[in-house]
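Taking it in order: structure first as structure tokens, then the write-up.
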Amino acid sequence: MSTTIRSMRLSSSRFRALRAASYASGAVRLAGARYNSSTAQGGSAKLPDIEPSLLEITRTQQPKRPPPPSSLVFGHTFTDHMLTVPWRSLEGWGKPKIQPYGPLAVEPSATVFHYAHCLFEGLKAYRDTNGKVTLFRPDMNMKRMNTSAERIAMPLVKSFNGEAMVQLMKELIRLDKHWIPDLPGYSLLTCMAVGTQPALGVAPPKEALLFVICSPVGPYYPQGFKPVALYGTTEYTRASPGGIGAYKLGANYAAGVAAQKKAAEQGYVQNLWLHGPEHYITEVGTMNAFVVFKRSDGSVELVTPPLDGIILPGVTRDSVLALAKEHSAGKIRVPELTDKLVVSERPVTMKEVKEAAQKGDLVEFFGTGTAAVISPVDRIGYLGEDVHIPTGPDGMGPVSRPLWKHLTAIQTDENDVTALQWLTVLHPEDNTHCNSYYLDARTKLMASCSYAIPLAASARSLLRTTHALKATSSGIRSYAQVGSATFLGDPPSPPNPPPPPPSAATPGPTAASKQPQNPFDQHVIAQLCRLAAVQQSQPEPSGSGTVTKATPLTELIDQYMKRSGYVMESALPYESRPGAERRVQFRSDVPNKAANKSGIADLSSADGALVMVVHAVQDSKSKEHKVAYSSGFVVHPPGTPKGEAVLVTCAHTLEEIRHNPIMRSGLPSPAVRPGDVISASFIINGSPDAPTFHPVTSVLSAMHRADLLLLSAFLTASGAKNGAPAQTLRSLPVNPYPVHPGTPIRAHFVTDKPPTSGKDSDGWTPWVGGTWRKWAKGTVVGYRDFAGRDAKLHGFRGWGVPAETIFEMFSLPGLNLKR
Numbered sequence: 001m002s003t004t005i006r007s008m009r010l011s012s013s014r015f016r017a018l019r020a021a022s023y024a025s026g027a028v029r030l031a032g033a034r035y036n037s038s039t040a041q042g043g044s045a046k047l048p049d050i051e052p053s054l055l056e057i058t059r060t061q062q063p064k065r066p067p068p069p070s071s072l073v074f075g076h077t078f079t080d081h082m083l084t085v086p087w088r089s090l091e092g093w094g095k096p097k098i099q100p101y102g103p104l105a106v107e108p109s110a111t112v113f114h115y116a117h118c119l120f121e122g123l124k125a126y127r128d129t130n131g132k133v134t135l136f137r138p139d140m141n142m143k144r145m146n147t148s149a150e151r152i153a154m155p156l157v158k159s160f161n162g163e164a165m166v167q168l169m170k171e172l173i174r175l176d177k178h179w180i181p182d183l184p185g186y187s188l189l190t191c192m193a194v195g196t197q198p199a200l201g202v203a204p205p206k207e208a209l210l211f212v213i214c215s216p217v218g219p220y221y222p223q224g225f226k227p228v229a230l231y232g233t234t235e236y237t238r239a240s241p242g243g244i245g246a247y248k249l250g251a252n253y254a255a256g257v258a259a260q261k262k263a264a265e266q267g268y269v270q271n272l273w274l275h276g277p278e279h280y281i282t283e284v285g286t287m288n289a290f291v292v293f294k295r296s297d298g299s300v301e302l303v304t305p306p307l308d309g310i311i312l313p314g315v316t317r318d319s320v321l322a323l324a325k326e327h328s329a330g331k332i333r334v335p336e337l338t339d340k341l342v343v344s345e346r347p348v349t350m351k352e353v354k355e356a357a358q359k360g361d362l363v364e365f366f367g368t369g370t371a372a373v374i375s376p377v378d379r380i381g382y383l384g385e386d387v388h389i390p391t392g393p394d395g396m397g398p399v400s401r402p403l404w405k406h407l408t409a410i411q412t413d414e415n416d417v418t419a420l421q422w423l424t425v426l427h428p429e430d431n432t433h434c435n436s437y438y439l440d441a442r443t444k445l446m447a448s449c450s451y452a453i454p455l456a457a458s459a460r461s462l463l464r465t466t467h468a469l470k471a472t473s474s475g476i477r478s479y480a481q482v483g484s485a486t487f488l489g490d491p492p493s494p495p496n497p498p499p500p501p502p503s504a505a506t507p508g509p510t511a512a513s514k515q516p517q518n519p520f521d522q523h524v525i526a527q528l529c530r531l532a533a534v535q536q537s538q539p540e541p542s543g544s545g546t547v548t549k550a551t552p553l554t555e556l557i558d559q560y561m562k563r564s565g566y567v568m569e570s571a572l573p574y575e576s577r578p579g580a581e582r583r584v585q586f587r588s589d590v591p592n593k594a595a596n597k598s599g600i601a602d603l604s605s606a607d608g609a610l611v612m613v614v615h616a617v618q619d620s621k622s623k624e625h626k627v628a629y630s631s632g633f634v635v636h637p638p639g640t641p642k643g644e645a646v647l648v649t650c651a652h653t654l655e656e657i658r659h660n661p662i663m664r665s666g667l668p669s670p671a672v673r674p675g676d677v678i679s680a681s682f683i684i685n686g687s688p689d690a691p692t693f694h695p696v697t698s699v700l701s702a703m704h705r706a707d708l709l710l711l712s713a714f715l716t717a718s719g720a721k722n723g724a725p726a727q728t729l730r731s732l733p734v735n736p737y738p739v740h741p742g743t744p745i746r747a748h749f750v751t752d753k754p755p756t757s758g759k760d761s762d763g764w765t766p767w768v769g770g771t772w773r774k775w776a777k778g779t780v781v782g783y784r785d786f787a788g789r790d791a792k793l794h795g796f797r798g799w800g801v802p803a804e805t806i807f808e809m810f811s812l813p814g815l816n817l818k819r
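All residue numbers for the sequence shown refer to the UniProt record's numbering, where the first residue is 1 and numbers rise by one.
Below, the structure written as structure tokens:
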């Protein structure tokens, strides 16, 4: 049955209402605004253009459930429906149809199989957590599709209406919107036109088919924002003047596979296309190339090769250039991007890049494309040797990083000034056609996930808690503290372990509103005040045995800022997926040993290796305070002095307290003085009712890309009392790279008020300082960004904002410390 709605002068709301009603039946044809009427001036007939008002929609009777994002392989999964629009030279464009995804009826003699009449476009549909879907610059893709069609003499170019095609794609996206991951992913739309005329002979095809399919995918580089290595290809040529290199044609890509395979055989991720005897840089695999040089006047030059007929005019290339030029001209402001920026479209050779690297004038090198957006490069194999390229702690450079941040923000922010010009938005309220089977599918999906309390995850049988997962609530709101995060949840009725008696030297809070709100905070603030009083009243003892030294946060933060990537080196080479032989397996049925002969460690030993890392600050006059904490674990690098503990924890917890208003108004000098602002960091272990505090003495290093912080603490037998070092802490091995999406992990949760009802209430046990903890199984779904931060776990709602990286557990050859 087919239902037709003809609405020539209806209001938009009335049209949406009629459209929604019509979707209740099987096939639907919509008639709305018309594009390029079928009659031409002068009385001569004009072939019909693409007409969205003729769209017929046939929904699948066997809808599939979207797979978990963690199982997605790039370009291997497709949604329930596809869009097809036929074309014939004597009839023009036929009726557009959205129909179930399936094989196309194309004869073996079709020109696409014999003469490569094939062109395509790839673009993205983004979906945010509010359900809003955006298309990024689809008009650019449609214009380029017209240009490509003209280059291979597909006559459909004469009547191809890009705006009408975008309207049809929006209808397809609305129908399959539930396939777009709201995780760090997107739905990649492939729009393709092929010659379908069943005839042999090299000539313009008289029949063609335009179709669109959708593929939900996750991050293009699942191992994280790791810079890639390129092989400067001199043996092969991607394109030549007068050829087809500047067009999005299928023939361009098949010819590049052999060169890419050779690059991989030599240990490079992708090939760098070089042209002519001068070895001009053209493209990075299937991406546009950008180079950044340092100039003698102190400015930096962002260079990309000009569009000279052999380089594809990429949409991302154009977007990066537009942002950089507008920023350089002072018309817009790209945060963190230098004002001394010169933007150039000029030829650049590998000789120039190599010489700049030797002189120290090469700032960075990166590629741009639809899938990866920006892909940094750290070395190029060229004529038998490697040209090394600088990269920052997160793998990117000082120009690519702010451009990437700004561009990816624009792609989902319709309120941005640039986004107003670049985005095509499908608002949630426009999604009125969803019928019952979609709603049923969503209900089943929600029933299969845990939405009760959004706790965040840690590493594989590991260390950590995450930062805040944002949620909304109405009415009574209760707060459960998880690590350094605050979550909203159902009002809990937690156990109430008694706080320890305060020390006589501890100045207690005077205002009830300023008192610590949980027993753990009371422990920490009491210890902080006691140490401050001791240091104020007594001169610091000499010698290495003192434990009363509590380095204030002002000094620790100063070290943190200055020692980024400074003292910690890992002897572990980069591995996109480390071998199973080095994996540390965890099991709960192994006796109390760190590991048995098979290399399997028990869960209780992992518990014993975990400690609490706490940063605390208090204004002694107003009694305002801030306590931020997370898990951590010890590593034993060679040469560590006796009594010192080197700990790995997350950096974002220190970042959180660094930006707290109490710290911003803190001491200008690193001295700790009661009566002003007092602060310190502690390592805490021991029994739940009698925690042991070990003051942190210094920040050894920070790895911002992985959100790692390396701390040094002095261990004693009884916390902050004078005495010889007497404690050692067990170590956990860790691989400082994010785990791949789909990896099962064990998550370590910490809270001061565990829930008392629901399925999340089981498994909680007392931990240090009146806190509660438990282990739970989880699976990494993906990451919001390529640096491995902001992780999403299956079964838990929300993101870590920000969250430390989720690490896999592997045996390390060793850590080297430089002091």
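Backbone N, C-alpha and C fix where the C-beta goes; we use that ideal spot for every residue, glycine too.
Between the C-alpha atoms of Q62 and E207, what's the straight-line distance to the nearest angstrom? 31 Å
Please determine, among L230, R137, V617, the residue with the shortest C-alpha to C-alpha distance to Q527. V617
Which stretch, first to last residue, makes up the alpha helix (DSSP H) that contains Q358? 350-359
Exposure of T391, with buried meaning 16 or more beta-carbon neighbours within 10 Å: buried
May I have the straight-line CA-CA distance separating V102 from V85, to the nearest angstrom? A small fix is needed here, since residue 102 is Gly in this sequence, not Val. Straight-line Cα distance between these residues: approximately 15 Å.
For F113, report the span of its alpha helix (DSSP H) as first-last. 111-115
Is Q197 helix, strand or coil when you go by DSSP? coil
Compare the beta carbon distance of L553 and S712 with 8 Å and say whether it is the shorter of the two. no
DSSP three-state assignment for Y236, whether helix, strand or coil: coil
Could you check what DSSP says for G92 in three-state terms: helix, strand or coil? strand
Assuming D386 is part of the beta strand (DSSP E), what are its boundary residues? 385-388
Look up R346 in the DSSP assignment and say whether it is helix, strand or coil. coil
Alpha-carbon to alpha-carbon, V696 and V614: 9 Å
Coil, strand or helix - K626 by DSSP: strand
Figure out for me which residue from Y231, I281, D176 has the closest Cα to the Cα of A258. Y231
Pick helix, strand or coil for Q527, following the three-state DSSP scheme. helix
Identify the residues that DSSP records as bridge partners of G367: which are they? A289, S375
Whole-angstrom Cβ separation of V212 and V112, contact assumed at under 8 Å? Not really, about 16 Å apart at Cβ, beyond 8 Å.
Evaluate contact between the region 281-291 and the region 302-322, counting only Cβ atoms and requiring at least three cross-stretch pairs below 8 Å. yes
Between which two residues does the beta strand (DSSP E) holding G122 run? 118-127
Please classify W772: does DSSP put it in a helix, a strand, or coil? strand
Which one of L210, P198, V228, S296 has the shortest CA to CA distance from S109? P198
Are at least three pairs of beta-carbons, each pair with one atom in the region 83-98 and one in the region 47-59, less than 8 Å apart? yes
Should the region 315-333 be regarded as contacting the region 368-385, the criterion being three or more beta carbon pairs within less than 8 Å? yes
Would you kindly work out how many angstroms separate the C-alpha atoms of D297 and V342, rounded to a whole number? 11 Å
Quick check on the DSSP output: the beta strand (DSSP E) that includes K562 runs from which residue to which? Looking at the DSSP string, K562 is not in any beta strand (DSSP E); the run it does join, the alpha helix (DSSP H), is 553-562.
Compute the Euclidean distance between the alpha carbons of H274 and N660, then round it to the nearest angstrom. Correcting the residue type first, residue 274 is Leu in the shown sequence and not His. Taking the straight line from one Cα to the other gives about 51 Å.
Distance, Cα to Cα, A203 vs I152? 10 Å
Which residue from C214, I662, L423 puts its Cα closest to that of T190? C214
Can you give me the start and stop residues for the beta strand (DSSP E) that A208 sits inside? 207-217
Hey, quick one: how far does the alpha helix (DSSP H) through M612 stretch, first residue to last? Per DSSP, M612 belongs to no alpha helix (DSSP H); it is in the beta strand (DSSP E), 610-619.
DSSP three-state assignment for N685, whether helix, strand or coil: strand
Give me the residue from S679, G763, A254, S631 with the minimum Cα distance to L531. S679
Take the Cβ of K124 as the centre, count every other Cβ of all protein chains shown within 10 Å, and call the residue buried at 16 or more, exposed below. buried
Residue interval of the alpha helix (DSSP H) (run including W404): 400-410
Reducing DSSP to helix, strand and coil, say where A757 ends up. The sequence shown places Ser at residue 757, not Ala. In this structure, S757 counts as coil in the three-state DSSP scheme.
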